[in-house]
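When we follow my numbering, the leftmost residue of the sequence shown carries the number 662, and every step to the right adds one. Glycine is no exception: its CB is placed at the ideal position from the N, C-alpha and C atoms.
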Amino acid sequence: MRPQKGEEEDFEQMLGLLKTETAGYLEGEGVEKTYRISQDEISKAVSLQSSKKHFELKLTDSGSYNIDYTRDGRHLLIAGRRGHVAAIEWECGRLRCELQLDDTVRAAKWLQNETFFAVAQTNYVYVYDTDGSEVHRLGKHAEVDFLEYLPYHFLLASIGNKGMLRYQDMTTGQIVAEHHSKYGRCRSMRQNPGNGIMHLGHSGGYVTLWAPSMGGPLVTMQCHSSPVEAIAFDPQGNYMATSGLDGRIRVWDMRTYKKLHEYFPIRPATTLDISQRGVLAAGNGPHVTMWKDCLGRRVKEPYMHHLQPGCTISSVRFCPYDDVLGTGHSQGVSSLIVPGAGEPNYDSYEANPFSTRNQRREATVKQLLDKLQPETIMLDPTAIGSIAKTDDERRRLRDELEGHRPERKRKADKAAKERAKRRENIIEREKRDGEIVTNFEHRAIPEKKSALDRFKLKSL
């Protein structure tokens, strides 16, 4: 049974008391604007350990870079367009592995932990370990542009230029589902961390929602009038941010599927990400713009801004449990300090950034035991474990919904009603005529008077 509302509030209040760490934000002195503060000024003002988190990797020969962090934020995966791939333990600067692939790399994604990662190359998707060895070749995933990994279901999702969305179970190797989007080549893909629903951005400005158990889109949203270039979600999955070539960044409430507000960056944003504390980052051209507390309400000005001269930003990702934003661009990779972006209180059962080797080994076994089936991916994940409604309750809910829904009058129903009404009118008219005849027959007819009636005897 699901906990009651009062129990949930008590549980949240107890968690609030246990969270002793607080997040600090960047504040300006007087009328100073925070978006005018540079990364060099921030590095000089913070501690020596925090200042080391701001660095740049000059990699000018490998094209635009895509980046990805592990769930605990300890490892960084970078993938250049021209085939340079590297796995880095970025806090200590340790290089785990480095690959020079003679192939085009379109996407790269960490799998369950820092042991394996998937790389989408020209023809197929390949899985490598941290030693740089090729472990698997996923031949079903052909000409892939985007990769997403669902950690609770152990599913790798991919979509390519043919618009075919595929889910593959990484524990058994089976293809769980294949769906054709029917909207052509996909422009962006992102999963909702709250329910595992996959969101696809298309050239017509549509965003479609997909689940492995359904053959068609669950919801189709018209988000922009131009191609959708990037999609991002907050950790709870309640808010979605989309960017289009129309130069707008729109924030949507995924509980009502309504637009809340929109922002206008300098250029159309090609990549988006939202931190654990609700900081929205957008990469547009050489600019990286960040907004704080911008999901539930509209803010007037950005929180921070960074200019990468002579570069084109291709990927932005926040590091979990740290105030760091990683950016991949045409000249390498940069790490920016963003105060207040990371969650200071971590859940050791979810992802522990300070875990030991034995704890990481045991975590994989526990995750396999807690693996969820693909059928559990749905729009409302709270329906799992709830009490099923009776037939009377379902009928009552259906009647309530139909009561607010306008009924469409069909021509056949209208003609039948007219015939019935005509029949009733005929019956009423015949009945009324019969009553008139009956009253006429029973009415007394007066006798005619004669001149001899005066000789008749009159009764006493």
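When the Cα atoms are used, what is the spatial distance from L799 to K1075?
Cα to Cα, L799 sits roughly 59 Å from K1075.
Based on DSSP bridge pairs, tell me the residues matched to F778.
Residue pairing from DSSP places F778 in a beta bridge opposite W771 and Y789.
Which runs of the beta strand (DSSP E) fall wholly inside the region 865-942 and span at least 3 residues, in chain order?
Every beta strand (DSSP E) stretch that sits fully inside the region 865-942 and reaches 3 residues is listed by chain position as 867-871, 880-883, 889-894, 900-905, 910-914, 919-924 and 932-935.
Taking the C-alpha atoms as reference points, what is the distance between S699 and R827?
Their Cα atoms are separated by approximately 42 Å.
Pairwise C-alpha distance: C884 and D729
Rounded to whole angstroms, the separation of the alpha carbons of C884 and D729 is 26 Å.
8 Å contact criterion, which G857 and Q937 should meet: CB distance rounded
Wrong, their Cβ atoms sit about 18 Å apart, outside the cutoff.
Under DSSP, the beta strand (DSSP E) around S996 begins and ends at which residues?
Its beta strand (DSSP E) spans residues G993 to I998.
Between C758 and the ligand NAP, is the CB less than 7 Å from at least one heavy atom?
In the structure shown, the ligand NAP is absent, as is every other ligand, since no ligand is present at all.
By Cβ distance, which residues of its chain are closer than 7 Å to Y738, with the 5 residues on each side in sequence left out?
Rather than Tyr, the amino acid found at residue 738 in this sequence is Leu. Closer than 7 Å at Cβ, skipping near neighbours: I728, D729, A748, A769, W771 and F778.
When burial is assigned at 16 or more other CB atoms within 10 Å of the CB, is A1077 buried or exposed?
It is exposed - the Cβ of A1077 has fewer than 16 other Cβ atoms within 10 Å.
Is it buried or exposed, P878, if we count other Cβ atoms within 10 angstroms and call 16 or more buried?
Buried is the call here.
Per DSSP, which one or two residues make a beta bridge with W952?
W952 pairs with L941.
Separation of D1114 from L1121, as counted between CA atoms
Low confidence applies here, because L1121 scores a pLDDT of 46, under 50, leaving its location unreliable; read the following figure in that light. If you draw a straight line from the Cα of L1121 to the Cα of D1114, it comes to about 16 Å.
Relative to the alpha-carbon of T869, which residue among L941, C758 and K843 has its alpha-carbon at the smallest distance?
In terms of CA proximity to T869, K843 leads the group L941, C758 and K843.
Burial state of Q992, where buried means 16 or more other Cβ atoms lie within 10 Å
Taking every protein chain shown into account, the CB of Q992 has 16 or more other CB atoms within 10 angstroms, so this residue is buried.
CB of R767 within 8 Å of CB of D806, strictly:
Less than 8 Å separates the beta-carbon of R767 from that of D806.
With a CB to CB cut of under 6 Å and the five nearest residues on each side skipped, what residues in its chain are close to R959?
Counting only residues of its own chain and dropping the five nearest sequence neighbours on each side, R959 has a CB closer than 6 Å to the CB of H922.
In whole angstroms, what is the alpha-carbon distance linking Q1028 and Y813?
One C-alpha to the other measures close to 7 Å.
Nearest to G987 by alpha carbon, out of S819, M850 and L933?
When only C-alpha atoms are compared, the closest one is L933.
Would you kindly report the start and end of the unbroken alpha helix (DSSP H) that includes L737?
Taken as a continuous stretch (DSSP letters only), L737 belongs to no alpha helix (DSSP H), being part of the beta strand (DSSP E) at L737 to G741.
Residues bridged to F716 [DSSP beta-bridge criterion]
As a beta-bridge residue in DSSP terms, F716 pairs with S996.
Do you know offhand how far N1019's Cα is from Y918's?
So the alpha carbons of these two residues sit roughly 43 Å apart.
Just to confirm my understanding: we take H840, look at its own chain, exclude 5 residues before and 5 after, and list those with CB closer than 7 Å. What are they?
Correct list, in chain order: L826, W871 and G876.
Quick one: give me the first and last residue of the alpha helix (DSSP H) that S704 is part of.
Counted as a single uninterrupted DSSP element, the alpha helix (DSSP H) harbouring S704 occupies residues Q700 to A706.
Helix or strand or just coil, what does DSSP make of L687?
Here L687 sits in coil by DSSP.
Buried versus exposed, by CB contacts within 10 Å (16 or more), F815:
Flag for F815 reads buried.
Between M880 and R848, which are expected to be in contact by the criterion C-beta below 8 Å, what is the C-beta distance as a whole number of angstroms?
The residue you asked about is not Met; residue 880 is Val in the sequence shown. Contact flag wrong, Cβ pair sits at about 18 Å.
Tell me the residue span of the beta strand (DSSP E) that contains A818.
A818 -> beta strand (DSSP E) spans L816 to G821.
Report, in whole angstroms, the separation of the C-beta atoms of D984 and P963, which I expect to be a contact under 8 Å.
A Cβ-Cβ distance of about 17 Å is found for the pair D984 and P963, leaving them out of contact under the 8 Å criterion.
Assign V1026 to one of three DSSP states: helix, strand, or coil.
V1026 falls in the helix class under three-state DSSP.
Cα-Cα separation, D763 to Y785:
Spanning the two alpha carbons is a distance of roughly 14 Å.
Nearest CA to the CA of L756: which residue from T791, P970 and Q835?
Of the listed residues, the one whose Cα sits closest to L756 is T791.
From the DSSP output, in three-state form, read off Y828 for me.
In this structure, Y828 counts as strand in the three-state DSSP scheme.
How about V780 and V746: are their beta carbons less than 8 Å apart?
One thing to note: V780 has its Cβ within 8 Å of the Cβ of V746.
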